[in-house]
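Read through the structure below, which is laid out as structure tokens, and then see the notes.
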Amino acid sequence: MQQVMAVTFEKHGQLHYVDPAGHRVSVGDHVMVPTGEGPEVALCVWAPEGVQAADFGELPSCLGPATDADLARDKANRRFRAQARIIVNRLVREQELPMKVIGIDYLDRSTEFDRQVVVYFTAPHRVDFRQLVRDLAKTLQARIDLRQIGARDATRVTGGIGNCGRDLCCSTHLSRFEPVGLRLARDQDLPSNPLRVQGACGRLMCCLKYEHPLYQDFVKKAPKVGSRVRTPDGEGRVIGHSVPSESVVVRVDGTGEVTRCPQAEVCPARRAYDSRGKD
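This is the structure in structure tokens:
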């Protein structure tokens, strides 16, 4: 067994899994977590618990609770990022640049430079931001790094609520993007119209990809649409599947009533019904 806990650097932000390293941590505690630019303050949103080691592999180790000095530094950096965003948006408007600022990151310490401000933005095409970089460097007194990102990454940074009513997968637990095609929507009996199955980013929903194996497994075990089955309400014909509830939708003969039956109830009956038809 392996001890794992989940932390986030932003409220409702993406989850990062960490080895508690023997520290006693509860949900809501601030801890120090190693990053590429040094230890940073993170919020524990999932208390340590035992999992199978193969599920997570090697994880970074928690460095312990955040001190008052760590929290003060983190608060100051957040305040600086908020002020920097206001300045960046103002300069973008003044210079009439066709770009949208998505997020600001601030590094106040590094082995290569003293301070760096990273600006994430989206744009329909390449942008000449040389004057913007000069003005930002002069105003913020820091090294400036502008990074253009795509629609999916922009949605991951900003976050939001998906069609399911939950926080977006990309801004919480989803660690990497995979190609998503309309074939996955058809396999899941969803509309083939891209506008009906797109996420907040304007691309096809990521959940179509990682939920697809569940639909494939269900189809292998469940009676096909159009096949005849026996239900507690009588014999009927399968007219649909409900994968989330692991059930099939059946129209009962005679009454025409539509009923939903658990897959486990109709599959054995279907085999008995089919074998009876062959005799």
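Residue numbers (the numbering used here): 1 to 279. Positions of the beta carbon are idealized from the N, C-alpha and C atoms, including for glycine. Keep in mind it's a predicted model, so treat the numbers as computed, not measured.
If we ignore side chains and look at the alpha-carbon of each, how far apart do residue i and residue j end up?
| i | j | result |
| --- | --- | --- |
| Val252 | Leu214 | 27 angstroms |
| Gly162 | Leu208 | 13 angstroms |
| Ala42 | Ile144 | 25 angstroms |
| Ala269 | Met32 | Low per-residue confidence applies at Ala269: pLDDT is 45, beneath 50, and the placement is therefore not dependable, though the value from the model is reported in the following sentence. When rounded, the distance between both Cα atoms is 57 angstroms. |
| Met1 | Lys75 | 36 angstroms |
| Gln116 | Leu190 | 45 angstroms |
| Ser247 | Pro39 | 48 angstroms |
| Arg178 | Asn77 | Looking at the sequence shown, residue 178 is not Arg but Glu. Their Cα atoms are separated by approximately 33 angstroms. |
| Ser82 | Asp70 | For the record, residue 82 in the displayed sequence is Ala; it is not Ser. If I take the Cα positions, the gap works out to 19 angstroms. |
| Arg176 | Arg186 | 23 angstroms |
| Lys221 | His241 | 11 angstroms |
| Arg147 | Thr158 | 15 angstroms |
| Arg271 | Gly236 | At Arg271 the pLDDT is 48, less than 50, meaning the model places this residue with poor confidence and gives no usable figure here. |
| Asp114 | Arg134 | 17 angstroms |
| Trp283 | Ser227 | Nothing can be reported for residue 283, as the shown portion of the chain is limited to 1 through 279. |
| Asp279 | His212 | Because the pLDDT of Asp279 is 48, which lies under 50, any placement of that residue in the model is unreliable, and the number read from its coordinates should be weighed accordingly. Near 37 angstroms, if we compare the C-alpha coordinates of His212 and Asp279. |
| Arg260 | Pro223 | 13 angstroms |
| Tyr273 | Ile149 | Because the pLDDT of Tyr273 is 46, which lies under 50, any placement of that residue in the model is unreliable, and the question is left without a value. |
| Pro262 | Val197 | 27 angstroms |
| Gln280 | Arg156 | No answer is possible for residue 280: the residues shown for the chain start at 1 and end at 279. |
| Phe9 | Val266 | 48 angstroms |
Tell me, please, which residues DSSP counts as bridged to residue i.
| i | result |
| --- | --- |
| Glu235 | Arg230 |
| Leu204 | Gln198 |
| Arg251 | Arg237 and Val258 |
| Pro65 | Val31 |
| Ile102 | Answer is none; Ile102 lacks a bridge partner. |
| Val41 | Met32 |
Taking residue i as the reference, which of the options has the closest Cα?
| i | options | result |
| --- | --- | --- |
| Ala151 | Ala142, Ile144, Leu132 and Phe121 | Phe121 |
| Ala84 | Lys100, Arg130, Leu136 and Asp153 | Leu136 |
| Phe218 | Ala264, Asp29 and Glu49 | Ala264 |
| Lys11 | Pro60, Gly160 and Gln148 | Gly160 |
| Arg243 | Leu71, Asp114 and Val225 | Note that residue 243 is Val in the sequence shown here, rather than Arg. Here the closest residue by C-alpha is Val225. |
| His23 | Gln198, Gln3 and Gly236 | Gln3 |
| Val51 | Leu63, Met5, Glu96 and Leu91 | Met5 |
| Gly165 | Gly236, Ala200 and Arg134 | Ala200 |
| Pro48 | Glu37, Ala72, Ala21 and Arg73 | Ala21 |
| Gly202 | Gly13, Glu37 and Val180 | Val180 |
| Thr255 | Pro262, Gln95, Val266 and Gly234 | Gly234 |
| Pro232 | Ser245, Gln216 and Val258 | Val258 |
Just to confirm, is the Cβ distance from residue i to residue j under 7 angstroms?
| i | j | result |
| --- | --- | --- |
| Ser282 | Leu182 | For residue 282 there is no data in the structure shown, the boundaries of the chain being 1 and 279. |
| His16 | Val25 | no |
| Ala154 | Ile102 | yes |
| Asp105 | Val118 | yes |
| Ile239 | Val229 | no |
| Gln29 | Cys44 | According to the sequence shown, residue 29 is Asp rather than Gln. The answer is yes: Cβ separation under 7 angstroms. |
| Cys206 | Leu184 | no |
| Val18 | Pro60 | yes |
| Ile87 | Thr139 | yes |
| Leu91 | Leu132 | yes |
| Pro98 | Ala72 | no |
- Task: Evaluate contact between the stretch 169 to 176 and the stretch 117 to 133, counting only Cβ atoms and requiring at least three cross-stretch pairs below 8 angstroms.
- Result: no
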